[in-house]
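Beneath this line is the structure, given in structure tokens, with notes to follow.
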Amino acid sequence: MKKLWASYLNASLILKITIALILGIIVGLILGEQATVFAPLGDLLMRLLQFIIIPLILFTLIVGINQTKLGNLGRMGGKIFLYYVVTSALAITVGLAVANVFDPGTGITQPPEEEIEANEHPGIASVLLNIVPKNIVTAFGDMNLLGIIFTAFVFGIAIAALRSSEEHADLGEHVYKVVNGLNEATFKIMNAILQYVPIGIFAIIAGTIGQQGMDTILSLGNMVLVLYIALIVQVGIYVLFMLAFKMKPGEFFAQARTPMITAFVTQSSSGTLPVTLNAANRLGLSKSLYGFSLPLGATINMDGAAIRIAVSAVFAANYADISLGFTSMLSIVIVGTLASIGTAGVPGAGIVMIATVFSQVGLPMEAVAILTSIDALVGMGATSLNITGDLVGTSIINKTEKKHEQVSA
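389 is the number that UniProt numbering gives to position 389 of the sequence shown; each next residue is one higher, with no gaps.
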């Protein structure tokens, strides 16, 4: 038994996840809805990942701030925000282009069983206000990632100021050492959680396949296929970005594939954050950069969700026999980009974004009811692309920062 456990621990995480994924599909197809018996194991994985998110963000960002100059943080923050906005708009454009070529939704005339009303999106002003939490406890309790990032940022700067002052330098060093120790302890805990990830992934994928079955996949297969084609095109654009910055895509995806698969199965950008941070560390990226960019990206950078909005919009237009002109498509790009900002990176959030965009551009809400039947299948691919975009952007910005350091030197 000890040898078996040792073999499991020594095996690569990607191998264990791949085996879990294959076994989950097989068990889901064989057992059908009875595969939901494994649901508690999947729920445990989600709880463990959510459990470690707050200390990871808090301590990683505070330590990162104290390892770089404050001027560098401002420069990196500007690059990160620009990248996230541009790639989100680009992703929606790609989704519209691919969807208009393949026309998903054509020929589907069956009446929906239910209608779904649009949920109110918080809006840009509300998102900006949420950056500053009413109190720290509320931010942590509500898993307000923007508020947690703000808290870590403020305390990180305060500790850096203490360390650089003549009067409180010793006190600042002591506080920093404590936080750094807590940061290392957090990574120890995260490494232990990563050993459980394959088991949780097996349970989640078995339950998902068991519940969805092949009937749903085949009935709306065109919509699913078009979406995944658009996702692949976006990945191709990422590769071009990496080549333009003289990065090696093979080395990138060797480390990124683990969070990509984890996001695919869990459908949660924020839940996958611990695995994504671990991948960034293995890629050798700056802690001061990825400790800030990845939590922020898990909240506001939703390239996969943006593509999902675009493809769903074309699907709805074809379903209702509505022609989407240039103005309508431009509206979808603008509204979709804004809707993807601040939407929680958790399962089911995609439907909220889609309903929001549909209500704004005048598309039939009845189509949302149809799209909910493939929510899990579509959400898997979209979430995987979400975290891929975060890692690509962080890697590119890390490359530009190294060039800046060389020029400064």
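Glycine residues also receive a C-beta, built at the ideal position from the N, C-alpha and C atoms.
Item: Just the Cα atoms here: how many angstroms apart are GLY362 and ASN301?; Value: 25 Å
Item: Please state if the CB of ILE54 and the CB of PHE140 are separated by a distance shorter than 7 Å.; Value: yes
Item: Given THR208, which residues of its chain have a CB within under 6 Å of its CB, disregarding the five upstream and five downstream residues?; Value: ALA376
Item: Taking a contact to mean a Cβ-Cβ separation below 7 Å, would you say LEU231 touches GLY381 in this structure?; Value: yes
Item: Does the distance from the CB of THR259 to the CB of ALA20 come in under 7 Å?; Value: The sequence shown places Pro at residue 259, not Thr. Result no, Cβ atoms of PRO259 and ALA20 do not sit closer than 7 Å.
Item: Could you name the residues of the same chain whose beta carbon sits closer than 7 Å to that of VAL407, not counting the 5 residues immediately before and after it, in chain order?; Value: A caution first: VAL407 carries a pLDDT of 49, below 50, which makes its placement in the model unreliable, though a value can still be read off. Same-chain partners within the cutoff: there are none.
Item: On the criterion of 16 or more Cβ atoms from any shown chain inside 10 Å, does GLU167 qualify as buried, or is it exposed?; Value: exposed
Item: Report the CB separation of ASP303 from GLN195 in whole angstroms; it is logged as a contact under 8 Å.; Value: Actually they do not touch by this definition, with Cβ atoms about 30 Å apart.
Item: Taking the Cβ atom as the reference point for each residue, do residue 411 and MET242 lie within a distance shorter than 7 Å?; Value: With the chain represented from 1 up to 409, any question about residue 411 goes unanswered, as that position is not in the structure.
Item: Using the three-state DSSP reduction, which class does ASN301 fall into: helix, strand or coil?; Value: coil
Item: Using only CA atoms, which one of GLY291, PHE202, ASN398, ILE322 lies nearest to residue 411?; Value: Past the edges of the chain, shown from 1 to 409, lies residue 411, and the structure says nothing about it.
Item: Mind checking which residues open and close the alpha helix (DSSP H) that includes ASN281?; Value: 273-282
Item: How far does the alpha helix (DSSP H) with ASN10 in it extend, from its first residue to its last?; Value: 2-10
Item: Can you give the Cα-Cα distance for ILE396 and TRP5, rounded to whole angstroms?; Value: 38 Å
Item: Hey, would you say PHE292 sits closer than 7 Å to LEU13, going by beta carbons?; Value: no
Item: Taking all protein chains shown into account, decide if ARG308 is buried (16 or more other Cβ within 10 angstroms of its Cβ) or exposed.; Value: buried
Item: Whose CA, out of ASN10, ALA306, ILE322, LYS399, lies closest to the CA of TYR228?; Value: ALA306
Item: Among LEU385, LEU330, ARG47, ALA316, which residue has its Cα nearest to the Cα of ILE354?; Value: ALA316
Item: Classify SER164 as buried or exposed, calling it buried when 16 or more other Cβ atoms lie within 10 Å of its own Cβ.; Value: exposed
Item: Measuring alpha carbon to alpha carbon, tell me which residue in LEU44, ALA158, ILE374, ALA192 is nearest VAL179.; Value: ALA158
Item: Within the same chain, show all residues whose beta-carbon is closer than 6 Å to that of SER331, passing over the 5 residues directly before and after it, in chain order.; Value: VAL361
Item: Determine contact between the stretch 34-52 and the stretch 269-283, defined as no fewer than three beta-carbon pairs at a distance below 8 Å.; Value: yes
Item: So, with DSSP's three-state summary, where would you put residue 419?; Value: What is shown of the chain runs 1 to 409, which leaves residue 419 out entirely.
Item: Specify whether the stretch 131-140 and the stretch 246-265 touch according to this definition: at least 3 beta carbon pairs, one from each stretch, less than 8 Å apart.; Value: no
Item: Can you give the Cα-Cα distance for PHE358 and MET365, rounded to whole angstroms?; Value: 7 Å
Item: Between LEU294 and THR276, is the Cβ-Cβ spacing less than 7 Å?; Value: yes
Item: In or out: THR186 buried (at least 16 other Cβ within 10 Å) or exposed?; Value: buried
Item: Over what stretch of residues does the alpha helix (DSSP H) that includes SER164 continue unbroken?; Value: 145-164
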